[in-house]
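The next block holds one structure in the form of structure tokens; read it before the comments.
Residue numbers (our numbering): 160 to 456.
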């Protein structure tokens, strides 16, 4: 019992055995924590990449959920909900298949096909059209949140002129990696009377073609944003961040106890707090920087 108490005092409480500074707060100990923390971060990142290559596909993204979440965002902005269009859904599926077939990640295909080619090929005649893309996400909520954080994609989601939506969630292999593509097509049909006019080879002067041709969103977290049944990157991100916070808070408590002891006992030490404080703050900053969970492109 005495030895356990001695160990506790040595590591966590100012004592003769540790020169009246908890061993936990010695510069060598804090340096060890920093190395251990970064080793954990690197290991988690490596394991995530490895499992991502093995598992690859998202498990909790659905087109219906995407549409539901988009309509929630529109209603929050006092906009009418979008109706699901079979033609736009078909166009989204065809676009995803084309991206996998020709191995590209862009709004315009290597052959020069624009998004509205896929839309019109389904027989959908529109006056407004738009497209959002996403990949490497595992949760529908995260996809929509990422779009909402991007001004150009948010503009598509909340464009008042759009009346219909189609979404495809397709698994495949892109650029050598298994992934899940989310293709979202928006549209507003030409008025029936305009569409029914007998002008076989002409296009209505009122027709407006609008489409986002800006970079799509790619999910990221130590690779680019989430994990399997419970999003892998999310799990690793939470574990990494939790570990960092627990370690930082633990050191903060020990430092507080040490400071109280020094204040109460007016103990004089040859070694100042400066170096330990500096390393401690560097550990917190490094831990928080390494534990970020998401980036969009």
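Glycine included, every Cβ here is placed at the ideal spot set by N, Cα and C.
Does the beta-carbon of residue i have 16 or more other beta-carbons within 10 angstroms, so that it is buried, or is it exposed?
i, result
"residue 245", "exposed"
"residue 198", "exposed"
"residue 280", "exposed"
"residue 247", "buried"
"residue 261", "exposed"
"residue 286", "buried"
"residue 249", "buried"
Nearest-angstrom Cα distance between residue i and residue j?
i, j, result
"residue 263", "residue 324", "23 Å"
"residue 305", "residue 233", "15 Å"
"residue 236", "residue 295", "28 Å"
"residue 288", "residue 201", "43 Å"
"residue 316", "residue 344", "10 Å"
"residue 230", "residue 238", "8 Å"
"residue 278", "residue 291", "13 Å"
"residue 302", "residue 226", "11 Å"
"residue 267", "residue 314", "19 Å"
"residue 269", "residue 191", "50 Å"
"residue 338", "residue 255", "11 Å"
"residue 163", "residue 298", "47 Å"
"residue 187", "residue 240", "59 Å"
"residue 282", "residue 253", "13 Å"
List the residues that DSSP assigns as beta-bridge partners of residue i.
i, result
"residue 285", "348"
"residue 328", "341"
"residue 291", "343"
"residue 242", "323"
"residue 219", "298"
"residue 336", "333"
Are residue i and residue j touching if we call contact CB-CB under 8 Å?
i, j, result
"residue 284", "residue 333", "no"
"residue 300", "residue 228", "yes"
"residue 258", "residue 196", "no"
"residue 251", "residue 342", "yes"
"residue 347", "residue 320", "yes"
"residue 242", "residue 322", "yes"
Between the stretch 274-285 and the stretch 308-315, do at least 3 Cβ pairs fall closer than 8 Å?
no
Are at least three pairs of beta-carbons, each pair with one atom in the stretch 325-340 and one in the stretch 217-228, less than 8 Å apart?
yes
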